[in-house]
Each structure stands twice: as structure tokens, then as C-alpha cells.
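The numbering of the sequence shown is this note's numbering, which starts it at 150 and goes up by one. Okay, structure first, notes after.
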Amino acid sequence: MSQSDTTVKKAEETLGFQTEVKQLLHLMIHSLYSNKEIFLRELVSNASDACDKLRFEAIDKPELLEGGADLEIRVSYDKEARTITIADNGIGLTKAEAVANLGTIARSGTKEFFSQLSGDKQKDAQLIGQFGVGFYSSFIVADKVTVVSRRAGEPVDQAVFWESEGQGEFTVADTEKAERGTSVTLHLRAEEDDFLSGWKLREVLRRYSDHISLPVLMQKEEYDSEKGEQVKKDEWETINQASALWTRAKNEITDEQYTEFYKHVSHDFEEPLAWTHNRVEGRSEYTQLLYLPKHAPFDLYDRDARRGVKLYVKRVFIMDDAEQLLPSYLRFVRGVIDSADLPLNVSREILQESRDVKSIREGSTKRILSLLEDLAENRPEDYAGFWTEFGQVIKEGTGEDMANQERIAKLLRFASTHNDDAIQNVTLADYISRMKEGQDAIYYVTADTFAAAKNSPHLEIFRKKGLEVLLLSDRVDEWMLSHFRQFDGKSFVSVAKGGLDLDKLTDEAEKKHQEEVAESLKPLLERLKTSLGESVKEVKVTNRLVDSPACVVVGQNDVSPHLLRLLKAAGQETPDIKPVLEINPEHALIEKIKGTEGDAFDDWAHVLLDQAMLAEGAQIADPAAYVKRLNGLLLKS
Numbered sequence: 150m151s152q153s154d155t156t157v158k159k160a161e162e163t164l165g166f167q168t169e170v171k172q173l174l175h176l177m178i179h180s181l182y183s184n185k186e187i188f189l190r191e192l193v194s195n196a197s198d199a200c201d202k203l204r205f206e207a208i209d210k211p212e213l214l215e216g217g218a219d220l221e222i223r224v225s226y227d228k229e230a231r232t233i234t235i236a237d238n239g240i241g242l243t244k245a246e247a248v249a250n251l252g253t254i255a256r257s258g259t260k261e262f263f264s265q266l267s268g269d270k271q272k273d274a275q276l277i278g279q280f281g282v283g284f285y286s287s288f289i290v291a292d293k294v295t296v297v298s299r300r301a302g303e304p305v306d307q308a309v310f311w312e313s314e315g316q317g318e319f320t321v322a323d324t325e326k327a328e329r330g331t332s333v334t335l336h337l338r339a340e341e342d343d344f345l346s347g348w349k350l351r352e353v354l355r356r357y358s359d360h361i362s363l364p365v366l367m368q369k370e371e372y373d374s375e376k377g378e379q380v381k382k383d384e385w386e387t388i389n390q391a392s393a394l395w396t397r398a399k400n401e402i403t404d405e406q407y408t409e410f411y412k413h414v415s416h417d418f419e420e421p422l423a424w425t426h427n428r429v430e431g432r433s434e435y436t437q438l439l440y441l442p443k444h445a446p447f448d449l450y451d452r453d454a455r456r457g458v459k460l461y462v463k464r465v466f467i468m469d470d471a472e473q474l475l476p477s478y479l480r481f482v483r484g485v486i487d488s489a490d491l492p493l494n495v496s497r498e499i500l501q502e503s504r505d506v507k508s509i510r511e512g513s514t515k516r517i518l519s520l521l522e523d524l525a526e527n528r529p530e531d532y533a534g535f536w537t538e539f540g541q542v543i544k545e546g547t548g549e550d551m552a553n554q555e556r557i558a559k560l561l562r563f564a565s566t567h568n569d570d571a572i573q574n575v576t577l578a579d580y581i582s583r584m585k586e587g588q589d590a591i592y593y594v595t596a597d598t599f600a601a602a603k604n605s606p607h608l609e610i611f612r613k614k615g616l617e618v619l620l621l622s623d624r625v626d627e628w629m630l631s632h633f634r635q636f637d638g639k640s641f642v643s644v645a646k647g648g649l650d651l652d653k654l655t656d657e658a659e660k661k662h663q664e665e666v667a668e669s670l671k672p673l674l675e676r677l678k679t680s681l682g683e684s685v686k687e688v689k690v691t692n693r694l695v696d697s698p699a700c701v702v703v704g705q706n707d708v709s710p711h712l713l714r715l716l717k718a719a720g721q722e723t724p725d726i727k728p729v730l731e732i733n734p735e736h737a738l739i740e741k742i743k744g745t746e747g748d749a750f751d752d753w754a755h756v757l758l759d760q761a762m763l764a765e766g767a768q769i770a771d772p773a774a775y776v777k778r779l780n781g782l783l784l785k786s
């Protein structure tokens, strides 16, 4: 008989799933996963986590072990009842925990997660894996799932019964359970008979669970010639190696085993991009097995989201989101770190102050940077893919990790006018190797989008002179450059700020001509300043424009227009910075304005300023007035 048939239930009640769970179940039931075997990996992984948590809590409360310290996972099947059961003797669940953990998704980023689901099975499967809701994968193969659980330390009659057909509701009831831990029984769909085979289950478990440090047990079977089938015996056998993968020698571990362990710790359904496995000895002794994912998690930019590195002490699981072990800009790294020096009762507060943890953090950071350097040098196509996914958070490291800033800088990739496309594949070393004679700065422009950066009027003189400019359109770029001011002795200089010094790249004849033009246009500059009044700080002649009539710039030490927009969008107070209007004396529109008087001149002056602001991507103060002036000038012309 199945688990639900034999369990005595008391105080039964029916509850509705959280809306988000209903969405997930709909995706699961409609075969979101192309590989149905994943359900077994996810349930065994959850059972392993439950045993890890019991082992940790039993450090301070040994009575939770209830006299049985041997932790294990048992997998069984019943061909007649058409069920598969995954049972563990781990920490277990209370009734409240069962309702909370199996009926809702109680974690930050839920809304963002569901907004990214696209209906593309492959992409959605990646997201669901990252979201860590492996229990619901049961409904890929089952039309009913039954859970019976008792939390360690609770009385026998304080167990919980949970059951659902995945249709929007679940039933919970009080029940009895002699052993602590959790039993999950899957009632298979009609078309899933393949899994009602000891051979099939063993094959899947060995492939997906060989790295788990706990024994995964199944009943021994032998062939009965009279019945013509395998018959179960009373003995149970361990079918995995049951030793923590990271404790084994590297030459004993296959790439497939490394990959499956990554999927276990990350709940990702794709293979990792790269990994590093090392045993470190010296002042601190620890083992690290760290992975780079191929794709960014949906909550990558949520700096408060849970991190991916699990902490073990002497192979005892301590915590699964130990953010102190790696800096925030490496928050996408997944894996485990196992320390031989930290105390078993280590807390987050102790982690923050521990010299051993500081040593682990420094060593692990350098190991990941080495892995990235190797990837960039030897697998450039893979690194390009990595940069597309994680480049923006790597840029955060230039301001967060001053000790490694130079190494991080060499890993950065940018778009630039050298290629004129959005692909970020230019290194700072590439840029410097192409610098013109006499050029002593790395020029850049920032904008809200790549198109706005590429078409900025500030680039005109640089294109004319063949000077390369970095095109920066990531939100983090302005912040990065406030901390990262030079590379290889070359300062970063914004082409959109005043005081741009191109004298070293200008010959004497050009300089003389510019001075003469500026002197001849003084009356026009004064008229424009009078007309624009407090809207601008100053009006001056520029040599940075070729095709555009005007542009706006800010002082060398002022906040850029791009950063001002970011601050306003974030709801922060911003300084009142008046731009400088620079005009192109060679442009036909400037020649036309020179001969204009009265209201028409005022209209031209304001249109000139508004157009320059729009070219910067800025919001003009009075769009209606701009349209009215422009229409009036068009009619007059």
C-alpha cells in the first residue's frame, strides 16, 4: 500500500497554494524540463540538505539525533502501487514548516523571477533551477505527491502529513511518525512506468548522486527465474560512493562528476563554465571547489540576495549562503569551502571577525581571478560569453577590491569607436596599444544606451582625428570610474566634460585659426548668454564638434548629465548643475543665427540649447515650448 493509505491522519485541512506556486506547477506539469530524471536528483539533494542541517543543529543539541547518529537516504519503489519513495532521517519538518515550505515561495525576488519567465522551455528551466524549488519537480512525473515528516526532537505524534495533486490545493494533517525525518512518496503518472525499475533508479542515482557525502540506499535485488523478474531482498545496499566530492583527489574525479556536483550545489540545470578545486595549506587549511556558472541568475543585481558558496567545517555543513567567504562582486560564484580551522559552532558574527575567514576570502578571491584570467587567455569565446552575463558585476570589483584592482582592470571589456559595435571586447591594454603619439589619456563617453554613446556629438572631433573612445552604457560605469581613475599610468578623461585638452594633438595652424574664430565670435557668445540667462553657466566656442551645431558640457569636477539622470531615477537628491553650451563656429546654423535679431534670435538660442540637451539624452525643461519655438522657426524659414 502507498504511504497515504497507511498513514493515520488527524485534524485534516485543505489549503490553497500561493499564486506563484500555481504558476510553477503549471510549468512543471506541462513538461517544462526536457530531462524528467531531474526530479530524483532534486529530491535526493533536498534529503541531503535536511541531513546536513540536522548534523549542524546537533552540534549544540545532540539530543536531536535521538540515539541515531547515522544519517542516510533511502530510495524505494512499489511496482503495484506505482510509487517511488525518497526517505531521509534528517532534520524533518513541523506542520507550520510544511505549510510554509511546500505551499509558498518565501524568498525575495519572486516577482522579478516570474517576470522573466518567457514560455521558452529551455530558458525557463534555467530560471526555475536557479530559483531553488526542486521539490516541485516531483510533479513532472507524479500526479500526486505525499509527504510525511517529523522534525527532530518533536514527539512521535507531532508529525505532519502533506499531500497534493498539483492542481492548486494541498492537504495537511497531524499524524504520527516513529522516526525523525521526511518521506516523500510520488504516485507516478500512467506514462512514467520506466521509473518503476530498480535498475533504472540505480542508474539515475549513481549518475546524479555519487558526489553526495551521505549513503544513498536501495534494497538489494536478485533475479527470480520462476517469476521472470527482479525480486527485492531484505538487505539494503549503498549505491553511491558516499564521500564528499571535494575531499577526493582531483585525479579521481571525472568531469561528469564535477558537473553533477555543480548542479547539486547550484540547482542549475546547465553545465558550469569552469571550476577550480584546490586544497590550501599554511596559515589556514581549507579545501575549495568553486564554479563559474554559464548564465547569470535572475537576482544577480540584488546585492541582498543569497550567495552561492556553502561553508563546511571538517566536512560538517555549517551554512549555505556564507557571504563573508567571497566579495560581493563575485556573488555569482557557486561551490563549497571546507575549513579545517574554524570552530564547528561558528556564527555569522564570528565569520565577520575571523582572521581565518579573511585568509580564506583572500585566497578564494585570487583563485577565482586566476580562473577568469585563464579563461580570458585560453578560452576567449567562453570569456566573451561570461562577460556578457557577468561583466557589470565584475566592474563593481574595481571599487570594492582595491587590493586586486589591477588584476580586475585587465579582465574588463568595453565597446569602443575602434569597432563601432555594441560588443564589449576591447581591453584597456588593447586601447593603450592603439593610442596616438602625444595622447596621454584614455578617452570615454557615458550614455544611457550604446546607441546614444555611439552617436554622441562629443565624439566628432575624436573620429576626425582618429582617436579611439570607449563607449560606456552600463549603469555601473560612472560609479566604476569614480573609483578607478587610471590604468597603466593613463588617466580616464570624459569627452563630455569641459577643459578637454587636445592641444598636443593639434598643430600650430589649427590653434591659431581656433583663437581667431573665438575672438571674432565674442559678440555672438555674449548675445547667446544674455538670451539663455540662468539656463547655462557659460557659452563658448568649441573645437570638439564637426557635424553638430552645439553641445553641452559640464565642468571637469561636476557630476555628468548621465550620472545625474541615474541619481534622479533612483530618487536621490541631485546638485543643480548648469551646463556650458559650446557652439561649432563652422556650422551653417551658427552662421544663420548670427544674422538674426529680436524674438527670432531668442528662439534660435533656446532651440540650440534644447537640441544639445536632447543629444545628451537629457530631459529638457519645457518640451512644449521647444516644439512651439521649432515650429515657428520652420514656418519662418
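Backbone N, C-alpha and C fix where the C-beta goes; we use that ideal spot for every residue, glycine too.
Cβ separation of residue i and residue j, assumed to be a contact under 8 Å, to the nearest whole Å
i: G766; j: D597; result: 5 Å
i: K459; j: V485; result: 5 Å
i: Y593; j: V618; result: 6 Å
i: E434; j: A489; result: 4 Å
i: I726; j: D707; result: 5 Å
i: T232; j: L366; result: Contact doesn't hold; Cβ gap of about 17 Å is too wide.
i: F636; j: A552; result: That belief does not hold up - the Cβ atoms of F636 and A552 are roughly 16 Å apart, past 8 Å.
i: I581; j: V642; result: About 14 Å separates the two Cβ atoms, so there is no contact after all.
i: S298; j: A247; result: 6 Å
i: L174; j: F288; result: 6 Å
i: W424; j: R223; result: In fact, because the Cβ distance is near 31 Å, the residues do not count as touching under 8 Å.
i: T295; j: E312; result: 5 Å
Per-residue burial, residue i [other beta carbons within 10 Å of its own, 16 or more giving buried]
i: V361; result: Note that residue 361 corresponds to Ile in the displayed sequence, not to Val. Looking at its Cβ environment, which holds 16 or more other Cβ atoms inside 10 Å, I361 is buried.
i: K244; result: buried
i: R355; result: exposed
i: R480; result: buried
i: Q152; result: Legend: pLDDT at Q152 = 49, less than 50; position of this residue unreliable, no value from coordinates given.
i: S180; result: For S180, the predicted structure reports a pLDDT of 48, less than 50, and the residue's modelled location is therefore unreliable. A value from the coordinates is still provided. Its Cβ having fewer than 16 others within 10 Å, S180 is exposed.
i: L363; result: buried
i: W239; result: The amino acid occupying residue 239 in the given sequence is Gly; Trp does not appear at that position. Per the 10 Å Cβ criterion, buried.
i: D306; result: exposed
i: S257; result: Low local confidence applies: a pLDDT of 45 at S257 is under 50, so the model's placement there is unreliable, with the coordinate-based value given in what follows. So S257 counts as exposed.
i: L560; result: buried
i: E371; result: exposed
i: K412; result: buried
Residues bridged to residue i [DSSP beta-bridge criterion]
i: S488; result: Y435 and V462
i: K425; result: Note on identity: in this sequence residue 425 is Thr, with Lys being the wrong assignment. L439.
i: K293; result: H336
i: K159; result: D323
i: K381; result: E370
i: S313; result: V294
i: Y226; result: I233
i: V756; result: Paired residue(s): none; V756 is not in a bridge.
i: T745; result: Paired residues: none, contrary to the question.
i: L730; result: V688 and V701
i: L164; result: F319
i: A308; result: T324
i: R299; result: G330
i: F641; result: I591
i: K202; result: According to DSSP, which records beta bridges pairwise, K202 is partnered with nothing at all.
Selection from the options that minimises the alpha carbon distance to residue i
i: E215; options: T436, L681 and E328; result: E328
i: N692; options: L712, E665, L713 and G704; result: E665
i: P442; options: S433, L422 and G431; result: L422
i: G165; options: E740, Q316 and V353; result: Q316
i: Q554; options: R634, H336 and D531; result: R634
i: G704; options: A230, N389 and L730; result: L730
i: R562; options: K544, M551 and D748; result: K544
i: E409; options: E420, N400, E401 and K399; result: E420
i: L345; options: I509, K293 and A230; result: A230
i: Q573; options: E609, N389, K293 and F535; result: F535
i: D470; options: S496, N400, I517 and Y450; result: S496
i: K515; options: S605, M584 and L439; result: L439
i: R624; options: S684, G512, T595 and P476; result: T595
i: A578; options: F599, R556, D569 and G587; result: R556
Beta carbon proximity, residue i to chain C, threshold 8 Å
i: R556; result: Absent from the structure: chain C. Only one protein chain is present.
TODO: Please go through the segment 659 to 705 and give each complete alpha helix (DSSP H) segment of 4 or more residues, from N-terminal end onward.
DONE: You should have 671 to 681.
Task: Ordered list of beta strand (DSSP E) runs contained in the segment 591 to 634, each at least 3 residues - done: DSSP runs (the beta strand (DSSP E)) wholly in the segment 591 to 634: 619 to 621.
Task: Unbroken stretches of the beta strand (DSSP E), 3 residues or longer, contained in the segment 480 to 568 - done: With a minimum length of 3 residues, the continuous beta strand (DSSP E) runs that stay inside the segment 480 to 568 are 483 to 488.
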